[in-house]
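Just so we're aligned, residue 2 is where the sequence shown starts under the numbering used here, counting upward by one.
Here's the structure, in structure tokens; my notes come after.
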Amino acid sequence: MTATETPVTTPTSTSTVGTATAEALRAATAVVGPARARHHVDGTGTAVPLVRGANVSMSRTRDVLGVLRPRTVAEARRVVQVFDRFPGACGLQAISTGHNWGLGSREPAHDDVVTLDLGDLAEVRALDVDRGWAVIEPGVTQGQLAACLAGTSRMLNVTNSASTTSVIGNALERGVGFRAQRTDDVLGLEVLLPDGELVRVGWWPDAERHTPVYPHGLGPGLADLFVQSDLGIVTAAAVRLLPRPQAQRVVRLRFTDAGLVPAMDAIRDWLVAGLVDAVPKVYDAAATTRYGGDGSAGQFVAHLCVDGTERTIDTLVQLLVDEAHASGAFVAVSASDEDRDLVDVDVAHDFAGDPSRNDAVFEKTFGTTPAGLDASGHGWLFFLPLVPMTGADVASAHGLKERIAAETGVRFGSVVHVLSTDYADFVMSVRFTAADRDRVHAALDLAHELFAEAGFRPYRLDVDHAAWVDRLDPDPGARALLARLKSALDPHGTIATNRYGVPAR
Ligand SMILES: Cc1cc2nc3c(=O)[nH]c(=O)nc-3n(C[C@H](O)[C@H](O)[C@H](O)COP(=O)(O)OP(=O)(O)OC[C@H]3O[C@@H](n4cnc5c(N)ncnc54)[C@H](O)[C@@H]3O)c2cc1C
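Right, here's the structure in full:
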């Protein structure tokens, strides 16, 4: 909990919610203890919104009526049961470490929630390096789990975010790591349902015998119901640990605007052929510069990971280098460890499951540590559409990004994460100052419009664009089904509607 979470005495718009919430907060405080509860009740017995710190996206701060920080799953469970007993109270918003920077950080999508901060549930409950899984709690950070695996035959699929970010929080957001989309790492989930029942879905280790680490089980897959979801609160996850390759090298390929289409098509061909591994990353010059690399030549740079054995790695890298030269799409090809900038070094560590260099990139990008980012006064926004993985589609997305720059003066940087042979995550990010806040947010609105029109839909939304989920879902029947599931599982609205949920009518 931050020191800035002090109360403000403006009553919440719906005072009946405020009164019921005050009663629920009183009961929940008895569960977690007063030092782990922040809320303020005015003279009329109404819970009033806390004044909280800024978020780096400079998104509107919502009315949060309380923050509860349990120490154990048992406490979290009792908090959920308390809120379920007060049907008129506002819902709970779960966060793991709350570092959803660029998408709203800790902010909920809607006003009038109580935040359930699970950051202190930080135990690695079990780890099996031989079989490739770990059972972790929401407060376990990628730096913490990666450190447990250093020197072993397994590694974590890490993201480019700070080492202090949560593995579970990122996976539940469908975040993207260097080796795969993080949801692909989720084997099973331990979930608190809105009535306080604790269930395990998907694969979970059997204490008596070794079972194959197979996430799907029998019957409909239930784990995905709790991803980007307000149907339950996740208190632990079984996550996949990847085999660590004997040898790994990163080949860097530079190309100009003219090479964009052939370069992306070549990368796809190499993925199909099995010549490159992991998630190829393609930075434009603006992104390279923003992350502390050398983008001065104005070129794109592709970072391609090659895995092998000690005996095969040189041959595999040479094959890729030869292919790159033969394609004619690239102006520079390098497999060397020399002349690497901050981004090159960081990316190589991330491909190897080591997020420890990411914090240095944060300091270069923002001039502050990750811990200080939200309060730093810097602005940062992400826009995260998926594009089909063809050179023509990536070029078309790039063209839309350039059009936004021309029309608004706001230049997003882009990093293409090639998630499969068929789709790529076209990450657009922008750093800005408070003076530019409105102009940059308007450019983000324009990005939503232009990319949706082109069919390039985001797979994650920031807090200010939650309403887009209804515009983007191809079938209204699917939204209606989700609303039915929500009212069946959570008739009292114990869990607050999140960015992807269907607001109660
Ligand atoms: C420079 C920079 C680089 C970044 N690089 C990446 C990157 O490479 N890949 C990437 O994916 N992101 C990246 N990010 C974005 C972001 O920082 C990460 O996604 C981060 O992991 C999310 O924050 P968190 O882990 O603290 O999750 P949280 O903020 O705790 O959780 C995220 C969301 O998941 C849900 N949630 C969390 N915990 C629970 C729970 N226990 N039960 C139910 N729902 C829950 C909530 O909706 C919550 O808002 C980057 C950000 C910056 C600034």
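Beta carbons are placed, not taken as given, at the ideal position from N, Cα and C, and that holds for glycine.
Item: When the distance is taken between beta carbons, is Gly19 closer than 8 Å to Val65?; Value: no
Item: Going by the C-beta, is Pro139 closer than 7 Å to any heavy atom of ligand 1?; Value: yes
Item: Relative to ligand 1, is the shortest distance from any of its heavy atoms to the C-beta of His399 smaller than 7 Å?; Value: no
Item: Cβ of Val235 versus every heavy atom of ligand 1: is any distance shorter than 7 Å?; Value: yes
Item: So the candidates are Leu150, Asp446 and His111; which of them puts its Cα closest to the Cα of Ala127?; Value: Leu150
Item: Rounded to the nearest angstrom, how far is the Cβ of Ala286 from that of Ser328, given a contact under 8 Å?; Value: With 8 Å as the limit, Ala286 and Ser328 do not qualify as a contact, their Cβ atoms being about 21 Å apart.
Item: Compare the Cα-Cα distances from Ser97 to each of Val114, Asp85, Ala123 and Arg79 and report the closest residue.; Value: Ala123
Item: Within a Cβ cutoff of 8 Å, which residues of the same chain sit near Gly133, ignoring the five residues on either side of it in sequence?; Value: Arg155, Val214, Arg241, Leu242, Leu243 and Pro244
Item: Thinking Gly170 and Ala497 are a contact (beta carbons under 8 Å), I'd like their distance in whole angstroms, please.; Value: Between Ala497 and Gly170 the Cβ distance is about 16 Å, and since that is not below 8 Å, they are no contact.
Item: Could you pull the start and end residues of the beta strand (DSSP E) that His418 belongs to?; Value: Gly414 to Val419
Item: On the DSSP bridge list, what partners appear for Ala38?; Value: Leu69
Item: What is the DSSP secondary structure of Gly260, counted as helix, strand or coil?; Value: helix
Item: Express the C-alpha separation of Pro386 and Arg86 in angstroms, rounding to a whole number.; Value: 40 Å
Item: Just the Cα atoms here: how many angstroms apart are Val201 and Ala239?; Value: With the sequence shown as reference, residue 201 is identified as Arg, and Val is not the correct amino acid for it. Roughly 10 Å separates the two Cα atoms.
Item: Measure the CB-CB distance between Trp381 and Val57 and report whether it falls below 8 Å.; Value: yes
Item: Under the criterion of a Cβ to heavy atom distance below 7 Å, does Trp381 qualify as lining ligand 1?; Value: yes
Item: Taking the beta strand (DSSP E) that Ala1 falls in, what are its first and last residues?; Value: Nothing can be reported for residue 1: it is not among the residues displayed for the chain, which extend from 2 to 506.
Item: Taking the alpha-carbon positions, what's the Leu490 to Thr165 distance?; Value: 32 Å
Item: From Asp342, Arg291 and Arg312, pick the residue whose C-alpha is nearest to that of His304; which is it?; Value: Asp342
Item: State buried or exposed for Thr153, treating a residue as buried only when at least 16 other CB atoms are found within 10 Å of its CB.; Value: exposed
Item: For the putative contact between Arg291 and Arg480, defined by C-beta atoms under 8 Å, what is the C-beta separation to the nearest angstrom?; Value: No, Arg291 and Arg480 are not in contact; Cβ-Cβ is about 36 Å, not under 8 Å.
Item: Would you mind reading off the limits of the alpha helix (DSSP H) that contains Ser328?; Value: Ile314 to Ser328
Item: Give the secondary structure of Thr142 by DSSP, where H, G and I count as helix, E and B as strand, and everything else as coil.; Value: strand
Item: When DSSP builds the beta bridges, which residues end up paired with Cys306?; Value: Val251 and Asp278
Item: Around the C-beta of Gly105, are 16 or more other C-beta atoms found within 10 angstroms, so that it is buried, or is it exposed?; Value: buried
Item: Report the rounded CA-to-CA distance for Ala237 versus Val68, giving the unit in angstroms.; Value: 20 Å
Item: Assuming the contact rule is C-beta atoms closer than 8 Å, Thr22 and Val115 should be a hit. Round their C-beta distance to whole Å, please.; Value: 7 Å
Item: So, do the region 365–382 and the region 31–44 have three or more beta carbon pairs nearer to each other than 8 Å?; Value: no
Item: Considering only residues of the same chain and omitting the five flanking positions on each side of His493, which have a CB-CB separation below 6 Å?; Value: Asp85 and Pro88
Item: Could you check how far apart the C-beta atoms of Arg175 and Val228 are, in whole angstroms? I think they sit under 8 Å.; Value: 6 Å
Item: Within 10 Å of its beta-carbon, does Ser421 have 16 or more other beta-carbons around it, so buried, or fewer, so exposed?; Value: exposed
Item: Taking 7 Å as the cut-off, does the CB of Glu174 come closer than this to any heavy atom belonging to ligand 1?; Value: yes
Item: Using the beta-carbon count (16 or more within 10 Å), is Gly513 buried or exposed?; Value: Residue 513 is absent from the structure shown; the chain starts at 2 and stops at 506.
Item: Beta carbon of Gly103: closer than 7 Å to some heavy atom of ligand 1?; Value: yes
Item: Please report the distance separating the alpha-carbon of Val9 from that of Asp375.; Value: Caution applies to Val9, whose pLDDT of 48 falls short of 50 and renders its modelled position unreliable; the value that the coordinates give is listed next. So the two alpha carbons sit approximately 20 Å from each other.
Item: Can you pull the DSSP bridge partners for Arg63?; Value: Answer is none; Arg63 lacks a bridge partner.
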